[in-house]
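Using UniProt numbering, the first residue of the sequence shown is number 1, and each one after it goes up by one. Even for Gly, the Cβ is constructed at its ideal location relative to N, Cα and C. Structure first, commentary second.
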Amino acid sequence: MSEPQFLTTPEGRRIAYRLTPGQGPTVVFLGGFRSDMEGSKAQHLQAWAEREGRAFLRFDYSGHGASSGAFLDGAIGDWFEDARAALSLAPGPLLLVGSSMGGWISLLLAKALPERIAGLVGIAAAPDFTEDSMWTAFDADQRAALLRDGQVAQPSDYSDDPYIITRRLIEEGRDRLVLREPLPLPFPVRLLQGTADTDVPPAVALRLLDHATGGDIRLTLVKGADHRFSSPDCLALIETTVTDLLAGMR
Numbered sequence: 001m002s003e004p005q006f007l008t009t010p011e012g013r014r015i016a017y018r019l020t021p022g023q024g025p026t027v028v029f030l031g032g033f034r035s036d037m038e039g040s041k042a043q044h045l046q047a048w049a050e051r052e053g054r055a056f057l058r059f060d061y062s063g064h065g066a067s068s069g070a071f072l073d074g075a076i077g078d079w080f081e082d083a084r085a086a087l088s089l090a091p092g093p094l095l096l097v098g099s100s101m102g103g104w105i106s107l108l109l110a111k112a113l114p115e116r117i118a119g120l121v122g123i124a125a126a127p128d129f130t131e132d133s134m135w136t137a138f139d140a141d142q143r144a145a146l147l148r149d150g151q152v153a154q155p156s157d158y159s160d161d162p163y164i165i166t167r168r169l170i171e172e173g174r175d176r177l178v179l180r181e182p183l184p185l186p187f188p189v190r191l192l193q194g195t196a197d198t199d200v201p202p203a204v205a206l207r208l209l210d211h212a213t214g215g216d217i218r219l220t221l222v223k224g225a226d227h228r229f230s231s232p233d234c235l236a237l238i239e240t241t242v243t244d245l246l247a248g249m250r
């Protein structure tokens, strides 16, 4: 595979991306926390886009993958700014596909750029997770350590190395919450969620479904699917969902 291209954001961060030309609206994949654009869902959509002649954009947030910066220096607002800058690479309407944290970033983009968004697919979308999943789950000692030391280590199901959660990630995230105020989504929205997801449980998807307003918002629960949502059946469902949404945009 050829080397990625790079974009320098208005904030001076160097963002790696891959843009596939084709028929619009451009499908934009937004990855999750500590993920990159070479993951199975992004790769599957890349192959689909090439096969179908569809415009497709994937990229790495700063501190992720091939982009510049250190992961521990980043926060939700930085990664939102990276995503907003990446969207400048794709003119015209956009279909956002956000996985986990990418679902939160997609919702922030929808609020900031509603005129550009033609549709949104959330895959185990995790809005407000820094507050509702991290800070809320910390005990008194962990909260004290975070405030005192600026970071705290958490075990990870995906790596032998623990997650390092920074004070800035938590505190900056409070300026980006989307479930505490009205969340209009005036375009087709499809939420895909596994019932066996222990990182972002189905209750989060149900809360988002209840909170958001819009005329065409649907939630699909997949029995037994976990947070990765990357089994062959789950990947096929993502592809079908994107294809069906695009078909309705003609």
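Residue i vs residue j beta-carbon contact at 8 Å
| i | j | result |
| --- | --- | --- |
| Gln46 | Phe56 | yes |
| Pro93 | Arg58 | no |
| Gly98 | Ile76 | no |
| Phe71 | Arg34 | yes |
| Gly103 | Pro188 | no |
| residue 251 | Leu192 | The displayed coordinates of the chain run from 1 to 250. Any statement about residue 251 would go beyond what the structure contains. |
| Ile15 | Asp78 | no |
| Gly65 | Met37 | yes |
| Leu108 | Leu87 | no |
| Leu30 | Ala90 | no |
| Arg190 | Arg218 | yes |
| Thr195 | Leu221 | yes |
| Thr26 | Glu81 | no |
| Leu146 | Ile164 | no |
| Leu95 | Ser106 | no |
| Gly69 | Arg13 | yes |
Assumed close pair residue i, residue j - CB separation to whole angstroms, cut-off 8 Å
| i | j | result |
| --- | --- | --- |
| Gly214 | Leu185 | 4 Å |
| Gly24 | Ala49 | Not confirmed; about 11 Å, so no contact. |
| Asp226 | Asp197 | 6 Å |
| residue 274 | Val200 | Nothing in the structure corresponds to residue 274, since the chain is present only between 1 and 250. |
| Leu183 | His211 | 6 Å |
| Ala110 | Leu7 | So it is not a contact: roughly 21 Å between Cβ atoms. |
First and last residue of the uninterrupted beta strand (DSSP E) at residue i
| i | result |
| --- | --- |
| Gly98 | Leu94 to Ser99 |
| Ala124 | No beta strand (DSSP E) contains Ala124, which DSSP labels as neither H nor E. |
| Gly24 | Gln23 to Leu30 |
| Leu7 | Gln5 to Thr8 |
| Ala16 | Arg14 to Thr20 |
| Arg218 | Ile217 to Val222 |
Residue i - containing alpha helix (DSSP H), residue span
| i | result |
| --- | --- |
| Ala49 | Ser40 to Glu52 |
| Val204 | Pro202 to His211 |
| Val152 | Counting along the chain, Val152 falls outside any alpha helix (DSSP H), though it belongs to the beta strand (DSSP E) covering Gln151 to Gln154. |
| Val178 | Per DSSP, Val178 belongs to no alpha helix (DSSP H) and is neither H nor E. |
| Arg168 | Arg167 to Gly173 |
| Gly194 | Looking at the DSSP string, Gly194 is not in any alpha helix (DSSP H); the run it does join, the beta strand (DSSP E), is Val189 to Gly194. |
| Leu245 | Pro232 to Ala247 |
| Leu87 | Ile76 to Leu87 |
Would you call the stretch 151–170 in contact with the stretch 129–137, where contact means no fewer than 3 C-beta pairs closer than 8 Å?
yes
Are at least three pairs of beta-carbons, each pair with one atom in the stretch 227–236 and one in the stretch 136–152, less than 8 Å apart?
no
Counting pairs of Cβ atoms below 8 Å between the stretch 205–221 and the stretch 177–184, do you hit three or more?
yes
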